[in-house]
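Residue 133 in numbering that gives the first Met the number 0 sits at position 134 of the sequence shown, with consecutive numbering throughout.
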Amino acid sequence: MRYGVIDIGSNTIRAVAYQIENRRATKMEDKLIRSHILDETENEMLTDSGIRRLVVVLNKLLCLLKNADCEKISCFSTSPLRKIKNLDVVLESVYDTTGIRIDVLSGAQEAEYDFIALRTHVPEHCGIGLDLGGGSCQLLQFEQSRLLFSKSFDIGSLFLKKKLVSGLLPTPEERKRIDFYLRNVLSDVHNSFGARYLYAMGGTAKAALSLYQTLSNNKQRDTFLSVAQLERLSALGDRNPEDVYRRLGEILKNRADTIIPGITILLSICNLLGTEGVYVLQCGVRDGYLVKMYEKFQK
Numbered sequence: 000m001r002y003g004v005i006d007i008g009s010n011t012i013r014a015v016a017y018q019i020e021n022r023r024a025t026k027m028e029d030k031l032i033r034s035h036i037l038d039e040t041e042n043e044m045l046t047d048s049g050i051r052r053l054v055v056v057l058n059k060l061l062c063l064l065k066n067a068d069c070e071k072i073s074c075f076s077t078s079p080l081r082k083i084k085n086l087d088v089v090l091e092s093v094y095d096t097t098g099i100r101i102d103v104l105s106g107a108q109e110a111e112y113d114f115i116a117l118r119t120h121v122p123e124h125c126g127i128g129l130d131l132g133g134g135s136c137q138l139l140q141f142e143q144s145r146l147l148f149s150k151s152f153d154i155g156s157l158f159l160k161k162k163l164v165s166g167l168l169p170t171p172e173e174r175k176r177i178d179f180y181l182r183n184v185l186s187d188v189h190n191s192f193g194a195r196y197l198y199a200m201g202g203t204a205k206a207a208l209s210l211y212q213t214l215s216n217n218k219q220r221d222t223f224l225s226v227a228q229l230e231r232l233s234a235l236g237d238r239n240p241e242d243v244y245r246r247l248g249e250i251l252k253n254r255a256d257t258i259i260p261g262i263t264i265l266l267s268i269c270n271l272l273g274t275e276g277v278y279v280l281q282c283g284v285r286d287g288y289l290v291k292m293y294e295k296f297q298k
């Protein structure tokens, strides 16, 4: 059976078609379109042009999933839509023009689905996971396969870029502001059992790993980024920011403007919690959502 999932994030909107056999999911189609929904908001509301763009993108992705013979198609959004004040108008407009019902996840739901995905990829019995997106970051602590703590914070890479960065890339002073901002927002978060690493999910962490592997010509394809490596990546734009920005665009395309703020966030969280770095996981909220969707349709 084939299932389709459309994932509306702050940076991108993605459609994935999965073939499900014996509860194992295999990607058959994968299409990503740059969204930057936060750029289409005014006074915390999605503009008319933003709604029209959202509809156009969703129609394209819906067509792709139907052509991939998906029998069931679901669509969800994380922080970009749950933050807007005119959500009812957006949901109604999307449904009327596309037939898609968007499932807007709460921060708690997003963390739950992140945990489902994380537990399928991490063998350790305890640890700290995070899912860093464009609009928010979910932090979760688990022990003995139980979720002990989870919370969503407004510290996404695009959100903080718009809030604290004036140019193409953050200056050293702006990176200090990001770090200070994070320490205030995360003041109640602690590494209660001395975890040495963070397990990072989401597009920002994957892009950071891809950037490091490209710039270092890494042949081993290691999935670990140490604090020292994050520090070097975070400071890439300190000299010749325009040239660096152009190079980032060549490597990452959709994330040139948000990757350095995102790496700065990862680095700050590592320093705040006293961890040695991050293991980047090739999974995220969409994987956990797929599990829940599959279970629902099997009932």
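All C-beta atoms, glycine included, are put in the ideal place defined by N, C-alpha and C.
Spatial neighbours of residue i in its chain, beta-carbon cut-off 8 Å, leaving aside the 5 residues before and after
{"i": "E70", "result": "M0, R1 and Y2"}
{"i": "V54", "result": "S92, V93, T96 and T97"}
{"i": "C269", "result": "L197, V226, L229, E275, G276 and V277"}
{"i": "R22", "result": "Y293"}
Alpha carbon of residue i to alpha carbon of residue j, nearest angstrom
{"i": "L63", "j": "R145", "result": "37 Å"}
{"i": "G236", "j": "F296", "result": "48 Å"}
{"i": "A255", "j": "M200", "result": "19 Å"}
{"i": "Y211", "j": "T222", "result": "10 Å"}
{"i": "G106", "j": "G8", "result": "13 Å"}
{"i": "N58", "j": "R51", "result": "11 Å"}
{"i": "L224", "j": "L280", "result": "11 Å"}
{"i": "V89", "j": "L208", "result": "34 Å"}
{"i": "P169", "j": "K162", "result": "11 Å"}
{"i": "S149", "j": "C136", "result": "10 Å"}
{"i": "R100", "j": "G134", "result": "21 Å"}
{"i": "K65", "j": "R174", "result": "44 Å"}
{"i": "R245", "j": "L61", "result": "32 Å"}
{"i": "E111", "j": "D87", "result": "24 Å"}
{"i": "N216", "j": "T46", "result": "42 Å"}
{"i": "Y17", "j": "G287", "result": "13 Å"}
{"i": "L147", "j": "V243", "result": "40 Å"}
{"i": "N239", "j": "I19", "result": "48 Å"}
{"i": "L117", "j": "L129", "result": "9 Å"}
{"i": "D301", "j": "M27", "result": "This structure gives no information on residue 301, because the portion of the chain shown stretches from 0 to 298."}
Nearest to residue i (by Cα), restricted to the options the options
{"i": "S191", "options": "L139, V164 and G202", "result": "L139"}
{"i": "L271", "options": "L185, S73 and R81", "result": "L185"}
{"i": "V56", "options": "A67, T40, E41 and I36", "result": "I36"}
{"i": "C282", "options": "E20, V121, R52 and C74", "result": "V121"}
{"i": "I264", "options": "L61, T46, L86 and L181", "result": "L181"}
{"i": "M292", "options": "K65, C136 and I115", "result": "I115"}
{"i": "I258", "options": "R118, G273, L131 and L61", "result": "L131"}
{"i": "E123", "options": "Y17, Y278 and V290", "result": "Y278"}
{"i": "K252", "options": "N239, A206, S233 and I262", "result": "A206"}
{"i": "I262", "options": "N239, R231 and L117", "result": "R231"}
{"i": "I32", "options": "P171, R220, D6 and S78", "result": "D6"}
{"i": "R13", "options": "E20, I19 and V4", "result": "V4"}
Same chain, Cβ closer than 6 Å to residue i, five either side skipped, listed in chain order
{"i": "V103", "result": "S76, L80 and R81"}
{"i": "K84", "result": "E43 and M44"}
{"i": "L159", "result": "I177 and P260"}
{"i": "E142", "result": "C125"}
{"i": "D29", "result": "V15"}
{"i": "D299", "result": "Missing from the structure shown is residue 299; the chain here goes from 0 to 298 and no further."}
Cβ distance (whole Å) where residue i is taken to contact residue j below 8 Å
{"i": "D113", "j": "V284", "result": "5 Å"}
{"i": "Q197", "j": "I127", "result": "Strictly speaking, residue 197 in this sequence is Leu, with Gln absent from that position. The Cβ separation is near 5 Å, so the contact holds."}
{"i": "S48", "j": "T11", "result": "Wrong, their Cβ atoms sit about 18 Å apart, outside the cutoff."}
{"i": "L203", "j": "S156", "result": "The question names Leu, yet the displayed sequence has Thr at residue 203. At roughly 5 Å, the Cβ-Cβ gap stays under 8 Å, so T203 and S156 are in contact."}
{"i": "E109", "j": "S151", "result": "6 Å"}
{"i": "E241", "j": "L167", "result": "7 Å"}
{"i": "A194", "j": "T119", "result": "That belief does not hold up - the Cβ atoms of A194 and T119 are roughly 19 Å apart, past 8 Å."}
{"i": "A24", "j": "L289", "result": "6 Å"}
Closer than 7 Å: residue i CB and nearest the ligand MN heavy atom
{"i": "Q297", "result": "Among the components of this structure there are no ligands whatsoever, and the ligand MN is therefore not found."}
Own chain residues within Cβ distance below 7 Å of residue i, not counting five before or after
{"i": "V164", "result": "E173 and P260"}
{"i": "L266", "result": "V226, L229, E230 and S233"}
{"i": "S78", "result": "S9, G132, G134, S135 and G155"}
{"i": "R220", "result": "Q212"}
- Message: Suppose only complete runs of 4+ residues qualify. What are the alpha helix (DSSP H) ranges in the segment 18-74, listed by chain order?
- Response: 47-66
- Message: What ranges does the beta strand (DSSP E) occupy inside the segment 220-291, keeping only unbroken runs of at least 3 residues that lie completely in it?
- Response: 223-225 and 276-279
- Minimum length 4: unbroken alpha helix (DSSP H) runs contained in the segment 76-116: 78-81 and 86-97
- Message: Which complete beta strand (DSSP E) runs does the segment 107-168 hold, if anything under 3 residues is left out?
- Response: 125-131, 136-142 and 145-152
- Which runs of the beta strand (DSSP E), 3 residues or longer, sit entirely within the segment 182-210? 197-200
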